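Read through the structure below, which is laid out as structure tokens, and then see the notes.
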Amino acid sequence: MRRFDTVVLPTGDRARITLPDSTAHGDIVVYLHGRSGSEASLDEPDRAALRDALLAAGYLLASPAMHGDAWGNRTAQDDLVALDAWLDAYGYTGRRFLLGESMGAGAAANALRLGEIPVAGVVMIAPSLSLTAVWDRGEAGRESLTSAYELAPDGADVAERTHAWDPIRHDARRYRRAPILVFASAEDRIAALHTVTGPWVAAVRTAGLPVDLVRVRGGHVSDDHIRPGEVVGFFDRLAGRGISEP
């Protein structure tokens, strides 16, 4: 495979562009990393099988850094718009699919809400879809969430300042219509299935959008969340290419 190690976008963000051996169909998967990730996260050992399956199926991979842990905010969305324009400028004009992991799934939800880039389908892996829950857990994500949304030190304004950007509080009727596949686990204590992911999926279905929920096992972004064959198969079906082998 051939790789542009670093592409610098007009927003100052970095992106990794990975080309498959064959670009016959020209379709693109934009990978949106989780907290503490980067444009290189899809190259980590526990993501390599997913990366390799997508490349073997002919997908160009575009992985923006999204300015680090921006939690899907305006800066992250500007980075996605800039990446989309870069792809067009360099002749990569195939269908765009989003693959959002944890925090990156929230960025994908906001991309659907804003409708600023074309999206043919979305896969969410262990989606983190509640920004207030990130604050309430008191984990390391609280610091980056504070920075991303300029919150007060005590978080008194977290609900107000994140309201428009918090997927669990979105009006899903405003989402761009695109099929969604969600991998979530009831054992996940970070991306809670019963109190966040499940209700979000229900709201999206009520809004009339096609969304499938696949229940997996294990904690946050466990090995069972990473299902290369199902991800490739989903994107291939949306593109009319049938079912790919795992």
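Mapped onto the working numbering, the consecutive letters of the sequence shown carry residue numbers 102 to 347. Ideal Cβ positions, reconstructed from N, Cα and C, are used throughout, including at glycine. Bear in mind the structure is a predicted one, so any value in this text is a computation, not a measurement.
In whole angstroms, what is the alpha-carbon distance linking residue i and residue j?
{"i": "THR233", "j": "ARG342", "result": "40 Å"}
{"i": "GLU331", "j": "THR194", "result": "24 Å"}
{"i": "LEU151", "j": "ARG328", "result": "7 Å"}
{"i": "ASP289", "j": "SER323", "result": "9 Å"}
{"i": "PRO347", "j": "MET167", "result": "With a pLDDT of 40 at PRO347, under the threshold of 50, the modelled position of that residue is not reliable, and the figure given next carries that caveat. Each residue's Cα considered, the two are about 29 Å apart."}
{"i": "VAL131", "j": "PRO165", "result": "8 Å"}
{"i": "LEU143", "j": "HIS321", "result": "16 Å"}
{"i": "VAL220", "j": "ALA241", "result": "31 Å"}
{"i": "VAL109", "j": "PRO280", "result": "30 Å"}
{"i": "ARG214", "j": "ARG274", "result": "9 Å"}
Out of the options, which has the shortest C-alpha to C-alpha gap to residue i?
{"i": "VAL223", "options": "ARG318, LEU310, GLY319", "result": "LEU310"}
{"i": "MET204", "options": "ALA292, PRO280, ASP313, LEU339", "result": "ALA292"}
{"i": "ASP187", "options": "HIS271, ARG117, SER248, ALA304", "result": "The sequence shown places Trp at residue 187, not Asp. That would be ARG117, whose Cα lies nearest to the Cα of TRP187."}
{"i": "GLU244", "options": "GLY299, LEU156, GLY169, LEU110", "result": "GLY169"}
{"i": "VAL315", "options": "LEU110, LEU120, VAL302", "result": "VAL302"}
{"i": "GLY207", "options": "ALA125, TRP266, SER123, HIS126", "result": "TRP266"}
{"i": "ALA125", "options": "ALA158, ARG148, ARG278", "result": "ALA158"}
Would residue i be called buried (16 or more neighbouring beta carbons within 10 Å of its own) or exposed?
{"i": "ASP348", "result": "Because the chain here runs from 102 to 347, residue 348 falls outside it and cannot be looked at."}
{"i": "ARG278", "result": "exposed"}
If I measure Cβ to Cβ from residue i and keep anything under 7 Å in the same chain, skipping five residues before and after, which residues do I get?
{"i": "PRO254", "result": "none"}
{"i": "VAL312", "result": "ILE281, VAL283, VAL302, VAL305, ARG306"}
{"i": "ASP114", "result": "PRO165, ALA166, MET167, HIS168, ASP180, ALA183"}
When you measure from the CB of residue i to every non-hydrogen atom of the ligand NAP, does any distance come out below 6 Å?
{"i": "GLU140", "result": "Absence of the ligand NAP is noted for the structure shown, with no ligands found whatsoever."}
Would you list the one or two residues that DSSP bridges to residue i?
{"i": "GLU331", "result": "The partner list for GLU331 (beta bridge, DSSP) is empty, contrary to what the question assumes."}
{"i": "ARG117", "result": "SER164"}
{"i": "ASP313", "result": "LEU282"}
Can you find the residues in the same chain that come closer than 6 Å, C-beta to C-beta, to residue i, ignoring five residues on each side of it along the sequence?
{"i": "GLY256", "result": "TRP236"}
{"i": "ALA183", "result": "LEU110, PRO111, THR112"}
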